[in-house]
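Under mature numbering (1 follows the signal peptide of the UniProt record, and there is no 0), the letters of the sequence shown match residues -25 to -1, 1 to 423, in that order.
C-beta atoms are modelled at their ideal positions from N, C-alpha and C, and glycine is treated no differently.
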Amino acid sequence: MKKLEKMLLLLSLLAVIAVVARSDAAALRLHATHADAGRGLSTRELLHRMAARSKARSARLLSGRAASARVDPGSYTDGVPDTEYLVHMAIGTPPQPVQLILDTGSDLTWTQCAPCVSCFRQSLPRFNPSRSMTFSVLPCDLRICRDLTWSSCGEQSWGNGICVYAYAYADHSITTGHLDSDTFSFASADHAIGGASVPDLTFGCGLFNNGIFVSNETGIAGFSRGALSMPAQLKVDNFSYCFTAITGSEPSPVFLGVPPNLYSDAAGGGHGVVQSTALIRYHSSQLKAYYISLKGVTVGTTRLPIPESVFALKEDGTGGTIVDSGTGMTMLPEAVYNLVCDAFVAQTKLTVHNSTSSLSQLCFSVPPGAKPDVPALVLHFEGATLDLPRENYMFEIEEAGGIRLTCLAINAGEDLSVIGNFQQQNMHVLYDLANDMLSFVPARCNKI
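See below:
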């Protein structure tokens, strides 16, 4: 009887340990770094690069919508890298580090692999499948292979029966390789790789990769709704991120699954009212993006006279509003952007700065010793209001000779409105995929 009691007690303890282990593993943590972190750039350079990246990204989002292509950061003409955040993890046993573009607009996760036939330069060694004891090439008869836009059964030099893929993006970048599985390792609490590990995740081993990637990325991490995305493969109902200020160098936490203290003020998780708005599934749109319903904009105390139809997604897939990790500045339709600028000029007692420099933003001159006094900026969503802190829409610049400027960090775009990551900084943003909700709350992201 005592043996039976001991056995039952042991089984009970094992069950408790298993539950605790599952609870601890429920939220996988990654850390992300901004593409411009640690480059020693001036505030003027940061603003210029962010504006240029945002315009380029918006153009590709629009072209991708028209061409039924997926969306990916790529190149632009002045050599500024079109990458916002890199997430850090490792693949294989033993782990080999990779750093991937965080992209909420595509689903395939891939990295460059050795031996690479045509690859871009990267600072880390390319992932070497032969050095991983847990690496496996996937066969082409799997549904996950057949569901790719383009895949085939490898022959000759590829190897018969393996899943060969080609994954194209809106800017004509492309990765071609074989679909594989391996163990992925994520960050520990001190941001070092070596925390939780998950076996048998599917990813692309890119051997032919064409596009301009110049931010030391090794590939892309897909966070969209697709079957190959990181959230889908990990079978988590949600993911979240909390972007630290781009003017600093501290890493930003990214969670796959809800951490138990998500909105705990003590953990830096939130110090305000949690706002939530619906994530809208639009089957008519070609973008694998996260749509929300933007209703209007307030500057100061004035709700601008903008019809809600300006922000609505049309039946032909044009228009609409998305929240995007890969766009820096919020992009508004040109007519809306002009109304916002006019309202700022009318309500700001500072002089508009007329400059022939490369800055295309609306900027105001700030007198020496004065604190910039600008009107509030509020975005109204279905069921939620985002009252932006000043540092999330105004960018402070000090010019040569001590001239100080404060600039509106918003761009004019076309019919697609995009809520950029600059407006999301120091905000814990949760994508609740199970309930199709987007939630956000102000947070001390460097404390999470």
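Close beta carbons around residue i, own chain, < 7 Å, minus the five adjacent residues each side
| i | result |
| --- | --- |
| M108 | T68 |
| R278 | G271 |
| S224 | A12 and G13 |
| F110 | G67, P104, D155 and D157 |
| P206 | F198, F214, L231 and L408 |
Residue range of the alpha helix (DSSP H) that includes residue i
| i | result |
| --- | --- |
| F102 | It is not in any alpha helix (DSSP H) - F102 carries neither H nor E in the DSSP assignment. |
| F319 | E309 to Q322 |
| I119 | R118 to R121 |
| P206 | M205 to Q208 |
Environment of residue i [buried if 16+ CB atoms lie within 10 Å]
| i | result |
| --- | --- |
| T276 | exposed |
| D78 | buried |
| L117 | exposed |
| E283 | exposed |
| E59 | buried |
| W125 | exposed |
| R28 | buried |
| T86 | buried |
| E192 | buried |
| G194 | buried |
| V46 | The pLDDT assigned to V46 is 30, lower than 50, so where the model puts this residue is not dependable, and the model offers no usable value. |
| I378 | exposed |
| residue 424 | With the chain represented from -25 up to 423, any question about residue 424 goes unanswered, as that position is not in the structure. |
| N313 | exposed |
| T326 | exposed |
| V315 | buried |
| K263 | buried |
| N329 | exposed |
| G134 | exposed |
| A409 | exposed |
| V248 | exposed |
| A345 | exposed |
| A375 | exposed |
| G152 | buried |
| Y406 | buried |
| P174 | exposed |
| P90 | exposed |
Where the beta strand (DSSP E) through residue i begins and ends
| i | result |
| --- | --- |
| E371 | M369 to E373 |
| Q74 | Q71 to D78 |
| P228 | S227 to L231 |
| Q250 | Q250 to A253 |
| A196 | G194 to G197 |
| residue 461 | Outside the displayed range of the chain (-25 to 423) lies residue 461, so it cannot be described from this structure. |
| I394 | S392 to I394 |
| H403 | M402 to D407 |
| R379 | R379 to L383 |
| T8 | L3 to H9 |
| N213 | N213 to C217 |
| I267 | Y265 to I267 |
Close Cβ partners of residue i (< 6 Å) along its chain, the five nearest in sequence each way excluded
| i | result |
| --- | --- |
| D362 | V353 |
| V92 | L182 and F183 |
| C128 | C115 and G136 |
| T8 | L61 and P226 |
| L83 | Y142, G179, G197 and L203 |
| T273 | V353 |
| F397 | G303, M304 and A384 |
Of the residues the options, the one placed nearest residue i, counting alpha carbons only
| i | options | result |
| --- | --- | --- |
| C382 | F110, A287, L3 and V341 | V341 |
| Y266 | V211, S215 and S199 | S199 |
| C180 | G232, I149 and F397 | I149 |
| V229 | F161, Q322, P347 and P350 | F161 |
| L16 | M402, F319, V298 and I372 | I372 |
| I221 | I423, C138, M25 and K422 | M25 |
| S98 | G80, Q74, A89 and H153 | Q74 |
| A387 | D82, V311, H9 and L21 | V311 |
| G197 | Y144, M369, V233 and G186 | Y144 |
| L380 | H6, L22 and A2 | L22 |
| D299 | F319, P174 and L413 | L413 |
| V320 | N213, D348, L209 and G344 | D348 |
| F159 | E374, L408, L5 and A418 | L5 |
| E201 | V173, F370, C120 and F415 | Strictly speaking, residue 201 in this sequence is Gly, with Glu absent from that position. Cα-wise, what sits closest to G201 is C120. |
| S186 | I423, R96 and A375 | Note that residue 186 is Gly in the sequence shown, not Ser. Among I423, R96 and A375, the Cα nearest to that of G186 belongs to R96. |
| M369 | V393, I423, T360 and L337 | L337 |
| M402 | L391, F415, V393 and K422 | F415 |
| G358 | K422, S268, F339 and N213 | S268 |
Cβ neighbours of residue i in the same chain (closer than 8 Å, five flanking residues each side left out)
| i | result |
| --- | --- |
| D411 | A253, L254, I255 and R256 |
| R106 | G67, P69 and Q71 |
Expected contact under 8 Å - CB spacing of residue i and residue j to nearest Å
| i | j | result |
| --- | --- | --- |
| V404 | Y216 | 6 Å |
| G303 | G395 | 5 Å |
| L113 | T177 | 7 Å |
| C420 | S227 | 6 Å |
| P280 | E389 | At roughly 20 Å, the Cβ-Cβ gap does not stay under 8 Å, so P280 and E389 are not in contact. |
| G292 | G80 | Contact doesn't hold; Cβ gap of about 15 Å is too wide. |
| S392 | T296 | 4 Å |
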